[in-house]
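Working notes, beginning with the structure itself.
In my numbering, the protein residues as written are 396 to 630.
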């Protein structure tokens with residue numbers, strides 16, 4: 396199994412995804428777009444993971460590699476690759492599929508409950524996931540549902556927390572399941588100025604509390620990724 400990820404900033408790495416891949420001896424490679432690494436050919440991977448980042452998807456003048464990245468994501472989808480986007484990654488995928496990206500009414504930063512939509516529980520890719528769980532969040536923007544997709548999850552603070560397109564061949568997650576204690580510490584160090592008062596914004600201390608659902612999101616991430624592997628193997 397060959398997995399390739401697109402990384403937008405040095406402090407948002409695959410974290411739990413990398414641990415999962417190592418445990419299963421899967422090949423994991425990445426393109427660090429912020430270092431202007433060259434994108435791979437479509438034949439070099441079985442599925443694509445698009446990571447998060449603090450930039451807006453339209454900031455191509457500041458981050459010129461965004462234009463090439465969007466084209467690459469569109470090519471991967473058109474080629475029938477499995478594609479998973481997280482936060483910014485989900486927004487990029489949604490935009491490629493023609494959906495609007497906009498500022499959410501409230502920023503969500505911290506640990507808040509997410510509910511999986513009943514309509515997608517029948518999709519094999521979501522098999523075995525709990526219907527409600529506490530996930531980690533760090534976003535200000537969100538997405539409209541792409542045409543032909545279904546809402547896969549929602550929360551009190553954000554109506555579109557996830558979507559599934561083409562029966563789960565393409566998945567966008569607004570929330571973070573890949574986050575680890577170490578990766579969240581990097582987020583706090585690099586984006587801590589966003590931790591100001593807000594209805595859905597927690598403090599750095601609360602965000603990094605050891606009693607948070609660290610093991611829970613790691614297990615849910617692993618289940619989702621295992622389901623994706625099964626989906627690829629069955630195609």
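Ideal placement from N, C-alpha and C gives every residue a C-beta, glycine not left out.
Have a look at the DSSP bridge pairing and note the partners of residue i.
i	result
residue 401	426, 445
residue 477	442
residue 544	560
residue 618	Partner(s): none; residue 618 has no beta bridge.
residue 412	BP columns for residue 412 are empty, so no partner.
residue 627	Answer is none; residue 627 lacks a bridge partner.
Where do the ends of the alpha helix (DSSP H) carrying residue i lie?
i	result
residue 467	460-473
residue 632	The structure shown does not extend to residue 632, since the chain spans only 396 to 630, so no value can be given for it.
residue 586	576-586
Give me the Cβ distance between residue i and residue j, rounded to the nearest whole Å; I'm assuming they're in contact under 8 Å.
i	j	result
residue 445	residue 480	4 Å
residue 599	residue 415	The Cβ separation is near 27 Å, so there is no contact.
residue 626	residue 520	5 Å
residue 518	residue 562	6 Å
What residues in its chain sit with their C-beta under 8 Å from that of residue i, if we drop five residues either side in the sequence?
i	result
residue 400	409, 412, 423, 424, 425, 426, 443, 444, 445, 446
residue 471	437, 443, 478
Go through its chain and collect everything with a Cβ distance to residue i's Cβ below 6 Å, but skip five positions before and after it.
i	result
residue 452	486, 487, 490, 496
residue 581	406
residue 608	529
Residue i lies in the beta strand (DSSP E); which residues open and close that run?
i	result
residue 530	527-538
residue 503	496-511
residue 565	565-568
Figure out for me which residue from the options has the closest Cα to the Cα of residue i.
i	options	result
residue 498	475, 450, 581	450
residue 576	454, 465, 437, 506	506
residue 657	533, 534, 421, 438	No answer is possible for residue 657: it lies beyond the span of the chain, which begins at 396 and ends at 630.
residue 585	448, 470, 459, 524	448
residue 514	483, 536, 560	560
residue 569	503, 629, 403, 588	503
residue 429	459, 441, 439	459
Suppose the cutoff is 7 Å on Cβ atoms and the five residues either side in sequence are ignored; what does the same chain contact list for residue i look like?
i	result
residue 546	512, 540, 555, 558
residue 524	511, 615, 618, 619
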